[in-house]
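For reference, the structure is listed below as structure tokens.
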Amino acid sequence: MPEPLRAPELIDLDPDDLAGFYLQASRVSGRDRNLSMEALHLGPNVLLELPAIASLRGRPVSVAVVVDDQPMRRAGADLKSLVVDLLTEAGLEVRTIVLSDPHDLHTTTEHVEELRAQLRPADTVVSVGSGTITDLAKHAVFGIEQQQPGLQMFHVAVATANSVGAYTSQLAVVTTNGVKRTVPSRLPDRLVLDTRTLADTPADYALGGIGDAAVGCCSLADYRLANWCGMGNWEPLSRAVFLPGLTGFLDSEPSFTAGGTATAGAMATNLAAAGFAMSFAGESAPASGLEHVTSHMLDMAADHNGRPIGNHGEQCGLATALVLLAYRYLLTEFDPRPFVDGLPAVDQQQAREQVERVFNELDPSGAMAAECWADYAAKCQSWTEHSTEVLALLRDWERRKPELAELAADPERYLRALAATGHPLDFADVPPGLTPDEVRWAFAHARLMRRRLSVADFLGFLGLWTDGLVDRLFAEFNQLREPSHRSPW
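According to the working numbering, the sequence shown is numbered sequentially starting from 2.
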């Protein structure tokens, strides 16, 4: 298990001093916490420094610029052409690799393999994109390096949207059999956060980034709860680097609400901290709880419901409010006394039938259900095997609650902060528009697709995650939503 922090110290990320950030993380942890990312380059014109950044390890033999086929602008100019022109005019040999998909490009095993086949070991890889392109590039590079021990490629990621924490996470989200899974990968070596580019991002991408960073308001609580139940690790450093930005968001500090390059810089830093929280933990759990699985469920059902996949960050941002309402119920109304002498037995056959019933509707072949059942079956087994830890938690509930309450934001405060950024407060306003029925389906059944324990699993294994409770949480969510809000975008 990770060593505890020596003090309840929080660590602010200074993008201009990544070495100092690693040094402070190492000091607080009591061990070396340096990661492979060498530097963050943040500012309104750092994109113009790209040729120099790409040449930091010596003049590249060749530069592979990895992009998708979507148009992107920076200060009125074509962003991708600008990147290629900057590198070419510096005398570098450049080739462009364009990845596309007729149904929307996502990080699938097939696309990772497609890119890996086009990269050369001697390439300096410059990815220009947000979460999907970044994950595809870093995971393709990771695969090449795994095949050739000792090889160290150079990957410079140019972020085009404050939409995800993937830029600073040494994990990748890869879709297999229609199910999103988080797998070990590698960090980019350098991250370019050009705030002029980020400020020119379409509003939905920027707002999605707000939602994706705000998930820490509930995901840290899921992370801790799973650890208390003996079903997950707890890395205190993840809390230490994630919380400062979350506090600024919850306080609606001007840097998060003003718009322009200032807000782009604040959001980029906050998302970078979220990614580092995952990298220090060695898993996505600090920034990916029930809210993320709800978003994954909405994505998995998109084709069945005849719509495109929605804005992941905005889905997560609103699902976070639902999760926080579940935590409010857990912290203010849950009574552990009926369970302290023994836990309800888990009926594996009944659980399997439920998983198959939910997912076979989306995929009659059974492949999706089989993929989800493999993880959920392991979770059911783990809950049973760790009954001693769960019972200890229930018997010590009153003493443990304050720490959990610190990690789960007040839902009303959270929604006020979300509204102040201009983020949608209604799932119907999340592109391409989500119906109440599909959102309720996703939230109610999200616990069935992943092995990681969340508040829904905790209540579910105790027989308390009922249709009545889910309906109540949605009713409370609808009551709390403000009718209108101002957008700084």
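Even glycine gets a Cβ: it sits at the ideal position worked out from N, Cα and C.
Predicted, not measured: the structure shown is a model, and the values here were computed from it.
| Item | Value |
| --- | --- |
| If I'm right that P189 touches H156 with Cβ under 8 Å, what's the distance once you round it to whole angstroms? | 5 Å |
| Hey, how far is the Cα of V242 from the Cα of S366? | 43 Å |
| Using the DSSP secondary-structure output, state which residues sit across from H42 in a beta bridge. | V193 |
| So does the stretch 120 to 134 actually touch the stretch 30 to 48, counting three or more Cβ pairs closer than 8 Å? | no |
| Got a sec, what are the start and stop residues for the beta strand (DSSP E) S128 sits in? | 124 to 130 |
| Taking only three categories from DSSP, how would you classify P365? | coil |
| Nearest CA to the CA of A137: which residue from R473, T110, L244? | The question names Ala, but residue 137 in the sequence shown is Leu. With distances taken between Cα atoms, L137 lies closest to T110. |
| Between the Cα of K139 and the Cα atoms of M38, A278, P403, which residue gives the shortest distance? | M38 |
| What does DSSP give as the partner residues of D69 in its beta bridges? | L100 |
| Could you pull out every residue in the same chain whose Cβ sits closer than 6 Å to the Cβ of I211, ignoring the five residues on either side in sequence? | T422, H424 |
| Thinking just about the alpha-carbon of each residue, which of G461, E404, T270, A375 is nearest to the one in D18? | T270 |
| Give the C-beta separation of V66 and V85 to the nearest angstrom, bearing in mind that I take them to be a contact with Cβ-Cβ under 8 Å. | 6 Å |
| Going by Cα to Cα distance, which pick from R187, L331, A263 is closest to L470? | L331 |
| The alpha helix (DSSP H) spanning L208 covers which residue range? | 204 to 215 |
| On a Cα-Cα basis, can you pick out the residue from L226, L251, A447 that is closest to D411? | L251 |
| Can the beta-carbon of L394 be found closer than 9 Å to that of R401? | yes |
| I need the boundaries of the beta strand (DSSP E) containing F155, first residue and last residue. | 155 to 160 |
| Relative to the C-alpha of E146, which residue among V193, S170, L291, R117 is closest? | R117 |
| With 16 other CB atoms within 10 Å as the buried threshold, where does N163 fall? | buried |
| Once you ignore the five residues that flank L83 on each side, which residues in its own chain have a CB closer than 8 Å to its CB? | L48, R75 |
| Could you tell me which uninterrupted alpha helix (DSSP H) segments, each at least 4 residues in length, are contained entirely in the stretch 279 to 325, listed from first to last along the chain? | 291 to 301 |
| Give me the Cα-Cα distance between L244 and G77, rounded to the nearest whole angstrom. | 36 Å |
| Roughly how many angstroms separate the alpha carbons of S302 and L363, rounded to a whole number? | It should be pointed out that residue 302 corresponds to Ala in this sequence rather than to Ser. The alpha-carbon atoms of A302 and L363 are separated by roughly 6 Å. |
| Among G307, T295, F143, R396, whose alpha-carbon lies nearest the alpha-carbon of M450? | T295 |
| Tell me which residues share the same chain as Y491 and place their Cβ nearer than 6 Å to its Cβ, disregarding the 5 neighbours each side in the sequence. | Nothing about residue 491 can be read from this structure; the chain reaches only from 2 to 490. |
| What does the alpha-carbon distance come out to for the pair N361 and A352? | 14 Å |
| Classify S485 as buried or exposed, calling it buried when 16 or more other Cβ atoms lie within 10 Å of its own Cβ. | Because S485 carries a pLDDT of 39, less than 50, the predicted location of this residue cannot be relied on, and no value is offered for it. |
| Report the rounded CA-to-CA distance for F475 versus R441, giving the unit in angstroms. | 8 Å |
| Hey, quick one: how far does the beta strand (DSSP E) through P185 stretch, first residue to last? | 180 to 185 |
| What does the Cβ neighbour count give for R225, buried or exposed, with the cut at 16 atoms within 10 Å? | buried |
| I want to know whether the stretch 279 to 289 touches the stretch 159 to 175 - three or more CB-CB distances under 8 Å. | yes |
| Here's the rule: buried if 16 or more other CB atoms are within 10 angstroms of the residue's CB, otherwise exposed. What is E284? | buried |
| Which residues in the same chain as E386 place their Cβ atom closer than 6 Å to its Cβ, once the five residues preceding and following it in sequence are excluded? | none |
| Can you tell me whether A8 is buried or exposed, with buried defined as 16 or more other CB within 10 angstroms of its CB? | In this predicted model, A8 has a pLDDT of only 41, less than 50, meaning its place in the structure is not dependable enough to derive any value. |
| Is the number of C-beta pairs between the stretch 192 to 201 and the stretch 256 to 272 that are closer than 8 Å three or more? | yes |
| May I have the straight-line CA-CA distance separating L87 from L272, to the nearest angstrom? | 27 Å |
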